[in-house]
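*Asks:* The opening position of the sequence shown corresponds to residue 9 in the numbering used here, with each subsequent residue numbered one higher. Supplied in structure tokens, the structure appears directly below.
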Amino acid sequence: MMESSWDPDDTWGSETLAGSGSEIAVAGPEDLQDDEFETSDFDTDSISMFGSVPSTIYRHAYDNGRRYHKYRFGTYPIPNDETEQNREDMKHAAILELTNGKYFYAPIGDHPQKIIDLGTGTGTWAIEIADMFPGAEIVGCDLSPIQPFWVPTNVRFIIDDIEDHWAHGDNWDLVHIRQVFPAIRDAPGVCSQSLSHLKPKGWIEIQDFGGILKCDDKTLAPGSLLTQFFEMTTEGLSKRGIRWPIANDMEKILRDAGFVNIQCKKFKCPIGTWPKARKLRLVGLYLKSVVADLMDALAPIIFPLLSKSLQQMDEFLMGAHNELQTTNAHIYLDYFFWYAQRPSSD
């Protein structure tokens, strides 16, 4: 079941945020202020409070001037270097702003015992969940060893491919998967494995962007380079055997895997500071930076798959970045929270 309205408490002061079933109110001159968001609002240096993983356990590969995971090199198409880690933390901050600080919607209760984060990335979500539930065992799994070393005692990280045979234990209260489906070739398989290793009545939650650039008021010009970027991403990933975007189809995937009580919350995630509500302007500021870095990260992968030259890529990126910085279009991406439950007995 898809729920397209905001929760009643999803407000900023007296401003009610627009849900996916209605248009986002557009900011007027009276809403905008010079230097509205100070650097400390979104500086990724201030997001992490943990140290680095010792360099002795780093194992990386390098390509196109960027750093990638070495284990199963090429499985995940996006780099794992500092620029990408900053982008991941920016997305994390944006989603927390969007949801008034909700990390997940699955109703797992106040005292979960075991939570696993598949595709944990920098580990920020897992670390903060460990602080939230100090009595629970928290595990983060990823292809890249880029997680902090100084972490809460109840969290640990493992390096593994989440599409491999499950080797992470059983009886999980929550399997959490966030924004990794652009790298997943077998989404139904990942969901089926998750079901098998949840405890009875345990929950899975999948978060992902819709992957289609949207605009409700026709302010986005036909032929937009930003629109083309997302379309080319879908086409390029398909040539890697990856079906994306997939968020709109997740209900069937979860149902076919055997899950019940399937629910969804969908949010509009603005790109740029055009919304009237200050909270959404901050989200839009984050997402503008996220999209800019995403284009640079994905283009060297996508363009060769589409038989496009380096010169074509450079020219496209120059134009797309210029459009992103100067556009007045009221653009956004949908963001989905799908959550579903393992039956009490299979």
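For every residue, glycine included, the Cβ atom is placed at its ideal position computed from N, Cα and C.
1) What does DSSP give as the partner residues of residue 124 in its beta bridges?
2) Considering only the beta carbon of each residue, do residue 359 and residue 228 sit closer than 8 Å?
3) Using the C-alpha atoms, what's the distance from residue 172 back to residue 123?
4) Which residue from 269, 163, 337, 161 puts its Cα closest to that of residue 232?
5) Any heavy atom of the ligand FAD inside 7 Å of the beta-carbon of residue 348?
6) Given this structure, state the Cα-to-Cα distance separating residue 327 from residue 236, to the nearest angstrom.
7) Is the number of C-beta pairs between the region 159-178 and the region 211-222 that are closer than 8 Å three or more?
8) Just how far apart, CA to CA, sit residue 95 and residue 293?
9) So, is residue 80 buried or exposed, given that buried needs 16 or more other C-beta atoms within 10 angstroms?
10) Three or more C-beta pairs closer than 8 Å, one from the region 161-171 and one from the region 134-150: is that the case here?
11) On the DSSP letters alone, give me the boundaries of the beta strand (DSSP E) that residue 342 sits inside.
12) Under the three-state reduction of DSSP, which class applies to residue 276: helix, strand or coil?
13) Could you tell me which residues DSSP pairs with residue 215 in its beta bridges?
14) Give every residue of the same chain whose Cβ lies closer than 7 Å to the Cβ of residue 21, excluding the five residues on either side of it in the sequence, and list them in chain order.
15) Applying the criterion that 16 or more other CB atoms from any shown protein chain within 10 Å of the CB defines a buried residue, is residue 297 buried or exposed?
16) If you draw a straight line from the C-alpha of residue 306 to the C-alpha of residue 32, how long is it?
17) Excluding five sequence neighbours on each side, which residues of the same chain lie with their C-beta closer than 7 Å to the C-beta of residue 137?
18) For the region 279-294 against the region 253-266, do three or more pairs of beta-carbon atoms, one drawn from each stretch, fall closer than 8 Å, so that the two count as touching?
19) Just curious, the alpha helix (DSSP H) that residue 286 is in, first and last residue?
20) Contact defined as beta carbons within less than 8 Å: I believe residue 275 pairs with residue 343. What is the distance between those atoms, to the nearest angstrom?
21) Excluding the 5 residues flanking residue 142 on each side, which residues of the same chain have their C-beta closer than 8 Å to its C-beta?
22) Just how far apart, CA to CA, sit residue 300 and residue 330?
*Replies:* According to the structure shown:
1) Note: residue 124 sits in a beta bridge opposite 147, 183.
2) Not covered by the structure: residue 359. The range shown for the chain is 9 to 354.
3) Cα to Cα, the separation comes out at about 19 Å.
4) Closest option to residue 232, Cα to Cα, is 337.
5) Looking for the ligand FAD in the displayed structure turns up nothing, as the structure carries no ligands at all.
6) Roughly 11 Å between the two C-alpha positions.
7) The region 159-178 vs the region 211-222: no contact.
8) Roughly 12 Å between the two C-alpha positions.
9) Because the pLDDT of residue 80 is 49, which lies under 50, any placement of that residue in the model is unreliable, and the question is left without a value.
10) Taking a cut-off of 8 Å for Cβ pairs, the region 161-171 and the region 134-150 touch, as three or more such pairs fall below it.
11) That run of the beta strand (DSSP E) goes 339-349.
12) Looking at residue 276 - three-state DSSP - the assignment turns out to be strand.
13) The bridge partners DSSP lists for residue 215 are 186, 345.
14) Below a pLDDT of 50, predicted positions are generally treated as unreliable, and residue 21, at 29, falls in that range; no measurement from the model is reported.
15) By the C-beta density criterion, residue 297 is buried, having at least 16 other C-beta atoms within 10 angstroms.
16) Between the alpha carbons of residue 306 and residue 32 lies a distance of about 29 Å.
17) In chain order, 111, 123, 146 place their CB closer than 7 Å to the CB of residue 137, counting only its own chain and leaving out the 5 sequence neighbours on each side.
18) Under the 8 Å Cβ criterion, the region 279-294 does not count as touching the region 253-266, having fewer than three qualifying pairs.
19) From DSSP, the alpha helix (DSSP H) with residue 286 extends over 286-313.
20) Yes, residue 275 and residue 343 are in contact; Cβ-Cβ is about 5 Å, under 8 Å.
21) In its chain, beyond the 5 residues on either side, 160, 162 have a beta carbon closer than 8 Å to the beta carbon of residue 142.
22) Approximately 10 Å, taken between the alpha carbons.
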